Amino acid sequence: MQIKNPEVYSIIESIGHHYRTNISNRFTRGALSLLSLDNATWGQIEELTEKAANYRYQGYHLDELYALILAMGKFVSAARKQASQSLRYGSSSDKLSAQDRVLRDMVVNNFGSNLNILADSVNRLYLKVIELDQEDAGDKPTVRSKFPELNEIGRYLVG
Numbered sequence: 119m120q121i122k123n124p125e126v127y128s129i130i131e132s133i134g135h136h137y138r139t140n141i142s143n144r145f146t147r148g149a150l151s152l153l154s155l156d157n158a159t160w161g162q163i164e165e166l167t168e169k170a171a172n173y174r175y176q177g178y179h180l181d182e183l184y185a186l187i188l189a190m191g192k193f194v195s196a197a198r199k200q201a202s203q204s205l206r207y208g209s210s211s212d213k214l215s216a217q218d219r220v221l222r223d224m225v226v227n228n229f230g231s232n233l234n235i236l237a238d239s240v241n242r243l244y245l246k247v248i249e250l251d252q253e254d255a256g257d258k259p260t261v262r263s264k265f266p267e268l269n270e271i272g273r274y275l276v277g
């Protein structure tokens, strides 16, 4: 089944916007690049945050959405554990202008809060996808049942 639900699109677009603006920006990319995530996970994060327009007409398959949600959950978990420290102590602000130093400090100080907002949005998407999956499945097993790792999504998103 292909999902063309406007609410799903809206949540995905807000995740992408928030990720590009508040999570992966010029002040954080260096620390994020050090996260211990495999290339497939980074590719799925890019699919979710950068390429939503590609799915506007064709829709998403449920298994694709679950994989994207898992990838973002792994990202949130890794960023909480690894990136926060790297951001605080890792980058030198000597070559930054005064204005950029202020912006960098704002990004670093709000990184944890912004990760929480991202996690909440991913959780909202997850709950909506489960709802659509259950409606589509009826008495059959859901697509979600093929992803046992989704049982860990709460731990990934909450920390």
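Take the sequence shown: its letters are residues 119 to 277, numbered as in the working numbering. Cβ atoms here follow ideal geometry from the backbone N, Cα and C, with glycine treated the same way. In this text the structure is predicted, and so the values were computed from the model without any measurement.
Is it buried or exposed for residue i, if we count other Cβ within 10 angstroms and need 16 for buried?
{"i": "Lys-192", "result": "buried"}
{"i": "Tyr-175", "result": "exposed"}
{"i": "Ala-216", "result": "exposed"}
{"i": "Gly-256", "result": "exposed"}
{"i": "Ser-239", "result": "buried"}
{"i": "Arg-262", "result": "buried"}
Are the beta-carbon atoms belonging to residue i and residue j less than 9 Å from one another?
{"i": "Leu-233", "j": "Val-276", "result": "no"}
{"i": "Ala-196", "j": "Thr-146", "result": "no"}
{"i": "Ile-129", "j": "Lys-258", "result": "no"}
{"i": "Leu-186", "j": "Leu-155", "result": "no"}
Can you tell which of the options has the C-alpha that lies nearest to the C-alpha of residue i?
{"i": "Tyr-127", "options": "Glu-253, Thr-139, Asn-140 and His-179", "result": "His-179"}
{"i": "Asn-241", "options": "Leu-152, Arg-147, Asn-227 and Ile-271", "result": "Ile-271"}
{"i": "Gly-227", "options": "Gly-161, Ile-141 and Ile-133", "result": "Looking at the sequence shown, residue 227 is not Gly but Asn. Among Gly-161, Ile-141 and Ile-133, the Cα nearest to that of Asn-227 is on Ile-141."}
{"i": "Ala-237", "options": "Glu-164, Leu-155 and Ser-132", "result": "Ser-132"}
{"i": "Tyr-173", "options": "Thr-146, Ala-197 and Lys-122", "result": "Lys-122"}
{"i": "Glu-168", "options": "Gly-148, Gly-134, Lys-199 and Thr-159", "result": "Gly-134"}
{"i": "Lys-199", "options": "Arg-219, Leu-214 and Leu-153", "result": "Leu-153"}
{"i": "Lys-290", "options": "Arg-219, Tyr-184 and Gly-177", "result": "As shown, the chain starts at 119 and ends at 277. That puts residue 290 outside it, with no answer to give."}
From residue i to residue j, what does the alpha carbon distance come to, in whole angstroms?
{"i": "Gln-162", "j": "Ala-170", "result": "11 Å"}
{"i": "Gln-252", "j": "Arg-138", "result": "31 Å"}
{"i": "Glu-182", "j": "Arg-273", "result": "21 Å"}
{"i": "Leu-250", "j": "Asn-269", "result": "18 Å"}
{"i": "Tyr-244", "j": "Met-190", "result": "11 Å"}
{"i": "Pro-266", "j": "Gly-148", "result": "32 Å"}
{"i": "Leu-205", "j": "Leu-188", "result": "24 Å"}
Using 8 Å for Cβ pairs, my map puts residue i next to residue j. What's the rounded Cβ distance?
{"i": "Asn-143", "j": "Val-225", "result": "6 Å"}
{"i": "His-136", "j": "Ile-248", "result": "At roughly 21 Å, the Cβ-Cβ gap does not stay under 8 Å, so His-136 and Ile-248 are not in contact."}
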